[in-house]
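Inspection log for the structure reproduced underneath, given as structure tokens.
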Amino acid sequence: MQNLLPQPSPTLLPDEPEAAAQLAAAAGSEKDVKDVAAAHPAFSAAWAELAELALADGEPVTAYAYARTGYHRGLDQLRRSGWRGAGPVPWSHEPNRGFLRALNALGLAAGSIGEADEAERCAKFLDDSDPAATAALR
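Sequential numbering of the sequence shown, starting at -3, is according to the numbering used here.
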């Protein structure tokens, strides 16, 4: 059965070149990434990277906290960019990747602490946003 309703347009978050350059220069140093998050608290990519570092260090509770922060900051930006709770958030658009990475990390951390329902919701949201994000991050 074909859906005849118009689909929402893809949501494209604004570029944040200064924050992105600082994050790239941090090169995975936890202290430097924390400095980027402190200087740019709305920049989901910094929170996502902190969550990914915490997951790699076997700290799922810390990862969960970082990922949840990045996820919520990203939702705020999505809404300001016209997102209405549904529709594509393309992985191909670089500024979207911070939110998508935070969403993925939130799901992984949730699964690690036994929050299976939340892990499943995050995985579905990620795939609904863009299956390419799921493929890139898993």
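Just so it is clear, CB atoms sit at the ideal spot from N, CA and C, and this is done for glycine as well.
#### Entry: Three-state class that DSSP yields for residue 19 in the structure shown
The residue you call residue 19 lines up with position 23 of the sequence shown. Three-state DSSP puts residue 19 in a helix.
#### Entry: Residues of its chain near residue 50, where Cβ-Cβ distance is below 7 Å and the 5 sequence neighbours each way are ignored
By one-based count along the sequence shown, residue 50 stands at place 54. Closer than 7 Å at the Cβ level, and outside the excluded window around residue 50, lie 58, 59, 62.
### Query
Between the segment 8 to 26 and the segment 101 to 110, are three or more C-beta pairs nearer than 8 Å?
no
### Task
If I'm right that residue 82 touches residue 4 with Cβ under 8 Å, what's the distance once you round it to whole angstroms?
One-based indexing of the sequence shown puts residue 82 at position 86. One-based indexing of the sequence shown puts residue 4 at position 8. Indeed, because the Cβ distance is near 6 Å, the residues count as touching under 8 Å.
### Task
Indicate the three-state DSSP secondary structure (helix, strand or coil) for residue 66 in the structure shown.
Walking along the sequence shown from the start, residue 66 turns up at place 70. Helix at residue 66.
### Task
Please state if the CB of residue 69 and the CB of residue 43 are separated by a distance shorter than 8 Å.
Residue mapping note: residue 43 aligns to position 47 of the sequence shown, counting from 1. Residue mapping note: residue 69 aligns to position 73 of the sequence shown, counting from 1. Their beta carbons are under 8 Å apart, which means residue 43 touches residue 69 by this criterion.
### Task
Tell whether a beta-carbon distance below 8 Å holds between residue 66 and residue 7.
Residue 66 sits at position 70 when you count from the first residue of the sequence shown. Residue 7 sits at position 11 when you count from the first residue of the sequence shown. Result no, Cβ atoms of residue 66 and residue 7 do not sit closer than 8 Å.
### Three-state class that DSSP yields for residue 56 in the structure shown
Sequence index remark: in the sequence shown, residue 56 carries index 60 (1-based). It is helical.
### Task
Tell me whether the beta-carbon of residue 92 lies closer than 8 Å to the beta-carbon of residue 122.
Position 96 of the sequence shown holds residue 92. Position 126 of the sequence shown holds residue 122. Cβ atoms of residue 92 and residue 122: not closer than 8 Å.
#### Entry: Simplified DSSP state of residue 124, which is helix, strand or coil
For the purposes of this step, residue 124 is taken as residue 128 along the sequence shown, with counting starting at 1. Residue 124 falls in the helix class under three-state DSSP.
### Query
Taking 8 Å as the CB-CB limit, is residue 48 close to chain C?
Note that chain C does not occur in the displayed structure, where there is just one protein chain.
### Query
residue 102 to residue 95, Cα distance in whole Å?
Reading the sequence shown from its first residue, position 106 is the one you call residue 102. Reading the sequence shown from its first residue, position 99 is the one you call residue 95. Looking at the two C-alpha atoms, the distance is approximately 10 Å.
#### Entry: Element boundaries [alpha helix (DSSP H), containing residue 96]
Position 100 of the sequence shown, counted from the start, is the residue given in the question as residue 96. Start and end: 93 to 108.
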